[in-house]
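Chains A and B are the protein sequences, given in the same order.
The numbering of the first sequence is numbering that gives the first Met the number 0, which starts it at 0 and goes up by one.
The numbering of the second sequence is numbering that gives the first Met the number 0, which starts it at 0 and goes up by one.
2 protein chains.
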Amino acid sequence: MAKSSGKKNAFYAQSGGVTAVINASACGVIETARKHKDKIGKVYAGRNGIIGALTEDLIDTSRESKSAIAALRHTPSGAFGSCRYKLKSLEQNRREYERLIEVFEAHNIGYFFYNGGGDSADTCLKVSQLSKKLGYPIQAIHVPKTVDNDLPITDNCPGFGSVAKYIAVSTREASFDVASMAKTSTKVFILEVMGRHAGWIAAAGAMASSEDCEIPVIVLFPEVTFNRRKFMQAVKAKVKQFGYVSIVVSEGVKSRDGKFLADQGLKDAFGHAQLGGVAPVVANMIREDLKLKYHWAVADYLQRAARHIASKSDVEQAYAMGKAAVELAIKGKNSVMPTVVRTSNSPYRWKVGEANLSRVANVEKMMPKSFISKDGFGITKKCRDYLGPLMKGEDYPPYGKDGLPKYVRLKNAPVKRKLGDFKV
Amino acid sequence: MAKSSGKKNAFYAQSGGVTAVINASACGVIETARKHKDKIGKVYAGRNGIIGALTEDLIDTSRESKSAIAALRHTPSGAFGSCRYKLKSLEQNRREYERLIEVFEAHNIGYFFYNGGGDSADTCLKVSQLSKKLGYPIQAIHVPKTVDNDLPITDNCPGFGSVAKYIAVSTREASFDVASMAKTSTKVFILEVMGRHAGWIAAAGAMASSEDCEIPVIVLFPEVTFNRRKFMQAVKAKVKQFGYVSIVVSEGVKSRDGKFLADQGLKDAFGHAQLGGVAPVVANMIREDLKLKYHWAVADYLQRAARHIASKSDVEQAYAMGKAAVELAIKGKNSVMPTVVRTSNSPYRWKVGEANLSRVANVEKMMPKSFISKDGFGITKKCRDYLGPLMKGEDYPPYGKDGLPKYVRLKNAPVKRKLGDFKV
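If you want it as structure tokens, here you go:
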């Protein structure tokens with residue numbers, strides 16, 4: 000039974016890999032909740048994500064100033080900490096779900112805002128279901144976030160547009176560089192990007208080339224089995240035509256045997272296994288097969304943390320999803336996720352929609368076949384029309400006199416604990 | 000003997016690795032020359048650098064519109080093409096120097112603006128000396144450019160400030176990301192940066208941490224011999240204190256035996272030698288010695304092409320160097336290079352100076368010992384005071400509706416050839 004009634008507090012947590020704009024969603028949640036103090040009490044955040052809830056390590060966001068919360072909008076990373084911690088199924092680990100609900104009840108929390116990808120949508124749904132059964136009903140709202148862009152129903156996922164912009168801009172810039180050097184030096188540039196299962200981020204590399212600025216880009220998608228011979232033919236053709244080529248390769252590219260291309264069984268001089276990326280593997284193949292001079296880069300965290308070149312659409316949508324989540328909660332909604340609904344490509348228009356979590360949890364949205372060009376190395380017009388608006392507009396953070404962006408660090412003051420320890 | 004007298008044409012070429020702002024210097028040269036049409040005829044550019052001069056493949060920049068030349072200021076890479084082609088000594092290859100002067104004479108070129116690093120300063124000097132002997136005196140002016148920041152006399156080199164800003168911003172952003180994830184996931188982030196001989200770029204990584212935003216950064220300089228035990232101690236200490244650490248490693252780091260750390264004799268499953276970067280090498284060491292979860296990135300060309308996050312100081316100085324080169328030429332100067340002279344750190348003030356090429360050619364400016372902290376893993380206040388102003392200010396390129404920067408591509412119309420073929 001609920002200990003208290005009336006106005007409930009809210010709990011917000013960040014889940015999984017962070018992005019350049021997940022804090023913009025946090026900003027949307029907290030600013031909107033603060034506007035509805037008649038309905039929502041305090042917003043507590045989980046320190047390091049859901050682990051903070053399990054261990055009752057809560058952060059009192061009411062201790063943060065208005066300007067600090069506003070600055071979340073332009074600060075990359077997860078301001079409260081995130082974690083990679085997937086709750087097991089109810090059958091396997093009912094104890095953890097019950098603990099969550101116990102903590103929520105202890106702190107009079109009636110709203111659970113969980114900001115993440117597919118796994119956290121699933122957790123959200125289960126918490127809502129179980130809480131009802133246990134007699135302490137929680138309104139669980141999922142706030143979409145993932146650079147992988149693989150959540151269903153929503154047109155796109157906050158976090159992705161900024162990575163797409165970063166990859167497209169970086170590929171264009173590096174391609175200009177290679178083009179300058181190609182006569183006597185580097186002819187092939189290889190950029191490794193994220194995306195273990197879906198090629199959304201890799202596809203963004205192809206956006207470096209546009210009608211008024213043609214650039215030879217070859218994309219290696221995780222959706223397309225790597226064929227060394229066909230790939231080398233494509234590289235040779237581009238170098239012949241343009242003098243150079245840029246290759247954008249997804250970390251998730253697999254060879255015919257189903258193994259990741261990055262997993263080449265590398266050994267050091269002492270025979271120890273060494274882990275490398277896929278970019279150097281592709282580079283070495285080009286050296287062996289074509290003897291062309293190459294350079295390679297691995298963007299890794301730089302791509303998802305690059306708030307300095309965030310997409311304005313993305314920042315606005317990230318904020319809007321946080322805001323909408325609170326508004327849905329106030330309307331009494333439960334087990335839902337706000338979505339981006341695209342209403343027009345040109346001019347780009349979108350609105351906020353709503354999806355039931357039962358339709359979101361554990362569904363992965365892959366790149367449609369119609370988005371990948373016939374040869375498997377590029378994107379179609381349909382894909383361009385989809386990606387373009389997501390990279391639209393700039394939203395620069397403020398900079399200090401030292402030439403560095405002013406990103407905020409919160410106080411993250413703890414909430415006094417009321418329960419005993421819990422081992423995760 | 001000179002074929003023609005009176006107003007001479009100018010020749011401009013880009014040399015070596017390109018930068019985010021070398022075109023800003025080209026813009027400075029061309030715009031300033033256009034303002035002095037009474038003194039300077041046309042500005043010809045070398046297609047792909049000095050090779051364009053040797054093969055008489057000249058570009059007529061007068062065919063470019065005012066707006067196209069103005070757009071060079073915000074376009075990375077080398078708009079006319081660059082090359083890695085070092086002219087040998089006069090004794091070894093007098094033929095090439097004589098050819099240069101022959102081409103200059105055929106096109107009535109009296110001014111040679113060479114935009115590059117130490118090697119091109121040396122070429123500049125030799126062309127000037129030999130041209131006098133051959134009775135067709137050329138005024139040779141070197142325009143400084145190098146991301147390595149290793150030219151003497153000038154306070155700094157255009158191109159470096161923007162790389163420094165990119166590395167500092169990226170390190171700060173990735174560090175925020177790692178800090179969010181460190182509780183359950185990645186604790187060590189490794190970023191590989193350029194700089195085979197001098198640690199200037201690596202040093203910029205330490206600027207990610209500032210007084211109001213402390214970040215645990217360990218820098219591995221090429222100037223400091225790698226000591227695995229000491230390094231692991233430093234990593235452990237930072238992770239203990241902060242929960243995470245960012246490592247910025249120069250590609251030029253060497254181990255005690257004098258070999259590049261990147262050169263680990265990696266072999267693939269078939270025993271073929273594989274080339275990798277230094278970041279994965281450091282990452283594997285951390286896995287072996289400390290068993291901490293890591294991520295690594297290799298910035299490669301992204302760092303020197305990143306015009307989207309160029310430093311305003313750097314853009315202004317790159318332009319000023321091009322402008323000053325033309326002004327020096329008009330004043331009748333020869334065998335000189337404009338320099339940046341710093342007159343004050345705070346507020347940052349600088350002016351244009353001048354150096355004789357005999358003092359510039361073949362001199363490499365390394366990081367002073369006093370810039371590296373005692374433990375060898377960081378920078379001193381002196382270094383901070385030096386680097387800070389160079390990263391100061393933002394100078395964003397214009398963006399299109401597609402969310403991509405609008406970088407210019409020139410027509411690069413050829414000048415009619417007057418001489419026979421020449422084999423380089």
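Idealized CB from N, CA, C, for every residue including glycine.
Selection of the stretch 337-355 of chain B by Cβ proximity to chain C, strictly under 7 Å: Given the protein chain composition of this structure (A and B), no chain C is represented.
Can you tell me whether R195/B is buried or exposed, with buried defined as 16 or more other CB within 10 angstroms of its CB? exposed
How is A309/B classed by DSSP in three states: helix, strand or coil? coil
So, is G134/B buried or exposed, given that buried needs 16 or more other C-beta atoms within 10 angstroms? exposed
Quick check on this structure: which residue in K235/A, H141/A, K239/A has the alpha carbon closest to the alpha carbon of F10/A? H141/A
Whole-number beta carbon distance between N361/A and I58/A, since they are thought to touch under 8 Å: The pair is not a contact, with the Cβ atoms about 29 Å apart (cut-off 8 Å).
To the nearest angstrom, how far is it from the Cα of V339/A to the Cα of V325/A? 15 Å
Relative to the C-alpha of L89/B, which candidate in L124/B, F112/B, E55/B, S81/B has its C-alpha closest? L124/B
Using three-state DSSP, classify E213/A as helix, strand or coil. coil
Rounded straight-line distance, which links the Cα of A323/B to that of V351/B: Looking at the two C-alpha atoms, the distance is approximately 7 Å.
Would you say A282/A and I189/A are within 8 Å of each other, going by their C-beta atoms? Cβ atoms of A282/A and I189/A: closer than 8 Å.
If you scan the stretch 201-264 of chain B from start to end, which runs of the alpha helix (DSSP H) of 4 or more residues do you find wholly inside it? 227-241
Quickly, what does DSSP pair P352/A with across the bridge? List them, please. According to the sequence as given, residue 352/A is Gly; it is not Pro. DSSP output for G352/A lists T338/A as bridge partner(s).
With a threshold of 8 Å between beta carbons, is G115/B in contact with chain A? With 8 Å as the cut-off, G115/B does not count as an interface residue toward chain A.
With 8 Å set as the bound, which would you pick, yes or no: does the beta-carbon of Y243/B sit closer than that to a beta-carbon of chain A? False, the Cβ-Cβ gap to chain A never drops below 8 Å.
Quick one: Cα of Y398/B to Cα of R227/B, how far? 45 Å
Take K95/A as the anchor and find which of G116/A, G109/A, K65/A, L129/A has the nearest alpha-carbon. First, the amino acid is wrong: residue 95/A is Glu here, not Lys. The candidate whose alpha carbon is nearest that of E95/A is L129/A.
Taking only beta carbons into account, state which residues of the stretch 276-304 of chain A come closer than 9 Å to chain B, listed in chain order. G276, A278, P279, V280, A282, N283, R286, E287, H294, W295, A296, V297, A298, D299, Y300, L301, Q302, R303, A304
Would you say H11/B reaches chain A, if we count a Cβ-Cβ gap shorter than 8 Å as a contact? Correcting the residue type first, residue 11/B is Tyr in the shown sequence and not His. Taking Cβ atoms only, chain A never reaches closer than 8 Å to Y11/B, which makes this a no.
Spatial distance of P346/A from I308/A (CA atoms): 22 Å
Take C212/A as the anchor and find which of Y406/B, G419/B, I246/B has the nearest alpha-carbon. Y406/B
Proximal residues of chain A, C-beta to C-beta of Y398/B below 7 Å: E393
Drop a sphere of 10 angstroms on the beta-carbon of G331/B, count the other beta-carbons inside from all chains shown, and report buried for 16 or more, exposed for fewer. It counts as exposed.
Quick check on S401/A: buried or exposed, where buried means 16 or more other Cβ atoms within 10 Å of its Cβ? For the sequence presented, residue 401/A should be read as Asp rather than Ser. Buried, by the Cβ-count rule.
Per DSSP, what kind of secondary structure is A296/A in: helix, strand or coil? DSSP, read as helix, strand or coil, puts A296/A in strand.
When burial is assigned at 16 or more other CB atoms within 10 Å of the CB, is I285/B buried or exposed? buried
Can you give me the C-alpha to C-alpha distance between E222/A and K239/A, rounded to a whole angstrom? Using only the alpha carbons, I get a separation of about 27 Å.
Kindly identify the DSSP beta-bridge partner or partners of E457/B. Since the first and last residues shown for chain B are 0 and 423, residue 457/B lies out of range.
Rounded to the nearest angstrom, how far is the Cβ of T170/B from that of V247/B, given a contact under 8 Å? With a Cβ gap of about 6 Å, T170/B and V247/B count as contacting.
State the DSSP-derived secondary structure class of I137/A, mapped to helix, strand or coil. coil
Nearest-angstrom Cα separation, counted from I50/B out to V425/A: Outside the modelled stretch of chain A, which goes from 0 to 423, sits residue 425/A, for which no answer is possible.
What is the DSSP secondary structure of L424/B, counted as helix, strand or coil? Here chain B covers residues 0 to 423 and nothing more, so residue 424/B does not appear.
Look up E166/B in the DSSP assignment and say whether it is helix, strand or coil. Note that residue 166/B is Ile in the sequence shown, not Glu. Note: I166/B maps to helix in three-state DSSP.
Neighbour flag for E172/B against chain A, beta carbons, 8 Å: It does: the Cβ of E172/B has a partner Cβ on chain A nearer than 8 Å.
Kindly indicate the opening and closing residues of the alpha helix (DSSP H) around A9/B. Element bounds for A9/B: not the alpha helix (DSSP H) but the beta strand (DSSP E), 7-13.
Taking CB distances under 8 Å as the criterion, tell me whether F188/A reaches chain B. yes
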